[in-house]
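Reviewing the structure listed below.
Residue numbers (this note's numbering): 545 to 1138.
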């Protein structure tokens, strides 16, 4: 595991528009962390006096207390932070709250993981069920799942269940949001050993504990996992319930816990149960219904012991034979565009819209999947059919704006077809999307609509701009400021509404990204001209030229396929995944991904 890779490819959410990047931060991370250690020591080493001078009327005891107080103020200021939230659609009406942790605390967590990767990765070997444990990727993300795609995972299910009559489908209710961070030590050592070493450390002097760590492998493992727990909590205001959804670090940590759960279940039933788990979804196989019910109850007990719960409304015990492929996926993937393209475009989108209307809770995934042949260019649109295709594409974005990333990429692919009429049509759809979703803080929909506007130099009205400025949407506001700099806003929106955010305390709360990036780029001018210098950590980032909004970034265009016509008729598989994949998710038939 490479530290710089984890920062550059495993930190920011893959759902963010393309200018949001951590590559510059990653390139400077070693220097920043080394320098910060020196800054921290200078401001907390009370033996130096911290630059204070004893007052004439002050007692020695009072002077020492004043030195300690100054050190404690510094520690308190920098010891934890709140992440930025990015709201993403989850099915029909629900939302998934993704998180972007503060760089100071995320980098410390990432460093602990990379430094101890050899020990951490051994825990994944405990599981015979996991198809989602992380393996090093180094391409689009720092890590990917063991199963390279959902199709691969479904093949694993078919192979694993060959000698079973019953399938038990279970998922963990609200998995990431309910993980108890102290259970990280339980996952790494086992709960009994973790508690034993907790009590042992609590009863020992620091020097004796350090000696024990150097000689006792379990004590060392406890220290590693406990430090990860502490670092993780620092990313979320020291909260011990839940972990941030989005960064690769959370995938890594969640799988530690899940693999321990898998091991406990397997141990309980020895060779009487087989199965696969993909993130929080269990597919367990056995011979009798009675055994299936015992497996379900045992898993429930194991989860409760880790302060987790089964999503009881989603539990299914099914007897073979039953269909294990979805008709929607099969029919869309096998659709042929041979012959009159205009005719087949109408048929294809009608088919996709029909499937989406039959199951509105899965409409986002169905329509994303339906856009694959155009995004991956296995189907190429003729110029004479662009007017129809553009209309169907924009309709898809309007009714299901979770497809905006895919729609934007497709529009960029055919940028040479975009004329004034097209830009007016795109503008009309984007305006509607923003006005509908800004009121409910739907960050994904608004930010991607704005980025689509940037991509095609489409102007937005003052009314739309001011509605975004009044929101608490960090990502969208930064794109909006970029649009102002590019002259893409009509009228004179009042950006002074953001002035109240330009304060030192906001470097440690959910506004950290907006405050740092807008001030660093000179987009917003704080009333306190020394604002960046007053925060030791963000001054360090600024001095090293770190920025998190790259003006040169854009969605990549998929290269034309080199395969034969027959091969490209079937949609290519996605290979990137985190808590859900770029392909159809493993829980395609359920609305339970947390």
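Cβ coordinates follow ideal geometry from the N, Cα and C atoms, glycine included.
Residues near residue 923 in its chain [Cβ-Cβ closer than 7 Å; skip 5 each side]: 881, 917
What does the Cβ neighbour count give for residue 738, buried or exposed, with the cut at 16 atoms within 10 Å? buried
Is the beta carbon of residue 970 sitting closer than 8 Å to the one on residue 561? no
By DSSP's criteria, residue 820 is part of a beta bridge. Which residues make up the other side? 827
Between which two residues does the alpha helix (DSSP H) harbouring residue 908 extend? 907 to 914
Could you tell me the alpha carbon to alpha carbon distance between residue 751 and residue 582, rounded to whole angstroms? 23 Å
According to DSSP, is residue 717 part of a helix, a strand, or is it coil? coil
Quick check: the stretch 702 to 715 against the stretch 743 to 757, are there 3 or more CB pairs under 8 Å? no
Comparing alpha-carbon positions, which option in 1039, 1017, 553 lies nearest residue 569? By alpha-carbon distance to residue 569, the top candidate from 1039, 1017, 553 is 553.
What residue range does the beta strand (DSSP E) around residue 927 cover? It is not in any beta strand (DSSP E) - residue 927 carries neither H nor E in the DSSP assignment.
Given this structure, state the Cα-to-Cα distance separating residue 992 from residue 921, to the nearest angstrom. 21 Å
Residue 941 versus residue 686 - alpha carbon distance: 30 Å
Going along the chain, which unbroken runs of the alpha helix (DSSP H) with 4 or more residues stay wholly within the stretch 641 to 676? 647 to 659, 661 to 667
Anyone know if the C-beta pair for residue 728 and residue 667 falls short of 8 Å? no
Can you name the residues that DSSP bridges to residue 678? 689
So what does residue 854 bridge to, in DSSP terms? Note: residue 854 sits in a beta bridge opposite 716.
For a test of the three-state rule: what should DSSP assign to residue 1004, helix, strand or coil? In the three-state reduction of the DSSP assignment, residue 1004 falls in the strand class, which pools E and B.
Within the continuous alpha helix (DSSP H) that includes residue 731, where are the two ends? 727 to 733
Should the stretch 767 to 778 be regarded as contacting the stretch 607 to 625, the criterion being three or more beta carbon pairs within less than 8 Å? yes
Decide if residue 863 is buried, meaning its Cβ has at least 16 other Cβ atoms within 10 Å, or exposed. exposed
So, is residue 972 buried or exposed, given that buried needs 16 or more other C-beta atoms within 10 angstroms? The residue is exposed, with fewer than 16 neighbouring Cβ atoms inside 10 Å.
Test: residue 813 CB closer than 8 Å to a CB of chain C: Within the model displayed, chain C is absent; a lone protein chain is all it includes.
How long is the line joining the alpha carbons of residue 848 and residue 805, rounded to whole angstroms? 11 Å
Indicate the three-state DSSP secondary structure (helix, strand or coil) for residue 989 in the structure shown. helix
Using only the alpha-carbon positions, how far apart do residue 898 and residue 558 sit? 29 Å
Have a look at 900, 548, 952, 803 and flag the residue whose alpha-carbon is nearest the alpha-carbon of residue 825. 803
For residue 1039, which of helix, strand or coil comes out of DSSP? Residue 1039 falls in the helix class under three-state DSSP.
For residue 947, is the classification buried or exposed, using 16 other Cβ atoms within 10 angstroms of its Cβ as the cut-off for buried? buried
Exposure label - residue 1100; buried when at least 16 CB within 10 Å: exposed
Express the C-alpha separation of residue 549 and residue 654 in angstroms, rounding to a whole number. In a straight line, the C-alpha of residue 654 is about 10 Å away from that of residue 549.
Could you have a look at residue 814 and say whether DSSP puts it in helix, strand or coil? coil
N-terminal and C-terminal residue of the beta strand (DSSP E) that residue 630 is part of: 628 to 634
Tell whether a beta-carbon distance below 8 Å holds between residue 889 and residue 955. no
Using CA coordinates, which residue listed in 555, 705, 1048 is at the minimum distance from residue 790? 555
On the three-state DSSP scale, how would you describe residue 892? helix
If I follow the unbroken alpha helix (DSSP H) through residue 767, where does it start and stop? Counting along the chain, the alpha helix (DSSP H) containing residue 767 begins and ends at 761 to 778.
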